[in-house]
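Working notes, structure below.
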Amino acid sequence: MDQQYMQQALNLAKLGWGKTRPNPLVGAVITKNGEVIAEGYHHYYGGDHAEVDALKKINFSAEGATMYVNLEPCSHYGKTPPCVEAIIKSKIKKVVVALEDPNPKVAGNGIKILKNHGIEVVVGILQEEAIKLNEIFIKYILTQQPFCILKTAMTLDGKIASHQGDSKWITSEDAREHVHHIRDRVAGIMVGISTVLKDNPQLNTRIANREVSHPIRIIVDSTLRIPIDTNVIKTSSDYPTIVATTEKASKAKIHQLQDLGVEVLVVGQEEGKVNLKDLMVKLGEKKVDSILLEGGGTLNYAALESDIVDKVLCFIAPKIIGGKNAITSVEGEGKHLIKDAFTVENLSIHKFRKDILIEGYVRKG
Ligand code: AOF
Ligand code: ZN
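Using UniProt numbering, read the sequence shown as starting at 1 and increasing by one per residue.
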């Protein structure tokens, strides 16, 4: 039963998808005598925490009840008073938690306070699922740097475009819709200048019949080659846009872009290119908790080499196009030896109607 109620809490947490960042996705279920008496979740950044959202439904009176929540209840005064106070006041007798809160302001303290008040606390139910759901929050709260997801869509023979550069479309509709679902969650979407020059993309979120949130568009362009009549610049008043560049950029071009509403971030250089580690620090300061990296191959390789990539999403379509000049998803210089390859672990595989997705985490260190 514990697992079933915790799964319900995790499902509730997902209702906040895209609206709570950089705060976590949290859901809470309150049960009494084998029945669910209240449900709650964190609806949006700055709103009630999940525990309070659930307790409000029953006027904070829950004597003898059990609460299931996917993150340890908080013990700090933040935007709202501590959830542990509300739980104690409600006379709940047991709290089941999936994951201890990695936030240093909480980090076990919530559990300790509940126990000190005679409340039974169980920790670790569906912990793996809880970690995965809040993997972005966990990285960001511990490092203040964005969780970076490298996404690529390739054919069975590993190409992301034909030798003529045609790439529309490698994967089918449901796989592409899944990408928009991720764009809806992340704070930023990042591409290199070559991708902008080649594809002239919009980089926004498009999901039918649903209100969505749009990530900040981040273009990495070390010499500011970006044309001002390109789609991302033309729509920069509708969707926030950052161009990351270096001291090599012309001041006049910087001002021209700024006048069009584009934020220009001048960051450090690494062999003449934008220093991606430095960029991550700067984006973290702007509360960008997550980035979907959508290429191209040069930027993808640089990102892997800079050790900023946390997760890889690799869509594979059952097509073969061939061509020794057809581009692949990770280019750059490349490793000389297989033993030096980047390793992706904790794999999972999802099947769409026509394509497959391999997901995994880049091994660190
Ligand atoms: C949430 N929603 O449902 C829970 C959270 O920014 P604040 O003051 O609202 O506090 C956010 C912290 O509270 C967050 O980092 C996490 O440690 C804890 N729990 N946060 O936004 C919730 N339960
Ligand atoms: Zn709280």
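For glycine and all other residues, C-beta sits at the position ideal for the given N, C-alpha and C.
Nearest neighbour of L276 by Cα position, chosen from T246, E263, K286, turns out to be T246. Selection around the ligand ZN by beta-carbon proximity, strictly under 5 Å to any non-hydrogen atom, yields H49, C74, C83 in chain order. Within the segment 105 to 133, complete beta strand (DSSP E) segments of at least 3 residues are found at 120 to 123, given in chain order. Per the C-alpha coordinates, the member of M6, Y44, N33, K32 positioned closest to W17 is Y44. Non-local C-beta neighbours of G158 in its own chain, meaning closer than 6 Å and more than five positions away in sequence, comprise T328, ordered along the chain. G27 has its alpha-carbon roughly 16 Å from the corresponding atom of E128. Relative to the Cα of G365, the nearest Cα in the group L114, L357, L10, V344 belongs to V344. Between K151 and E331, the C-beta gap is not smaller than 8 Å, which leaves the two residues out of contact.
Our two residues, N23 and H163, have alpha carbons roughly 43 Å apart in a direct line. Each of S90, G46, A62, H42 was checked against the Cα of E35, and the nearest Cα belongs to A62.
A Cβ-Cβ contact shorter than 8 Å links G110 with S75.
Short note on E294: C-beta not closer than 7 Å to any heavy atom of the ligand AOF. Look at G297 here: in three-state DSSP terms it is helix.
With fewer than 16 other beta carbons inside 10 angstroms of its own, M1 counts as exposed. In this structure, T235 places its C-beta atom within 8 Å of the C-beta atom of Q202. Classified as buried, E72 has 16 or more neighbouring CB atoms from the shown chains inside 10 Å of its CB. Checking the DSSP bridge columns, you'll see G192 partnered with V220. The C-beta of P82 has 16 or more other C-beta atoms within 10 Å across all chains shown, which makes the residue buried. Of the residues assessed, N325 falls on the exposed side of the cut-off, its CB having fewer than 16 other CB atoms within 10 angstroms. Shown here, A28 sits in a strand according to DSSP, grouped into three states. Of the heavy atoms belonging to the ligand AOF, none sits nearer than 7 Å to the Cβ of N11. Distances between the C-beta of I320 and the heavy atoms of the ligand AOF are all 7 Å or more. By the Cβ-count criterion, A249 is buried, with 16 or more other Cβ atoms from all chains shown falling within 10 Å of its own Cβ. Membership of H350 in the beta strand (DSSP E) is indicated by the continuous run 344 to 351. S290 is a Cβ neighbour of P146, given a cutoff of 8 Å.
Membership of F147 in the beta strand (DSSP E) is indicated by the continuous run 147 to 155. Nearest to L114 by alpha-carbon distance, out of V106, I88, L99, P102, is I88.
Inter-residue distance for L25 and D199 is about 34 Å (C-alpha atoms, whole angstroms). Taking C-beta atoms as the reference points, V274 and V232 fail to come closer than 8 Å. Counting other Cβ atoms within 10 Å of its Cβ, I160 reaches 16 or more and is therefore classed as buried.
A distance criterion of 7 Å places the beta-carbon of G78 in contact range of the ligand AOF, judged by its closest non-hydrogen atom. A straight line joining the alpha-carbon of H178 with that of H117 spans about 44 Å. Per DSSP, the continuous beta strand (DSSP E) segment holding G360 begins and ends at 356 to 362.
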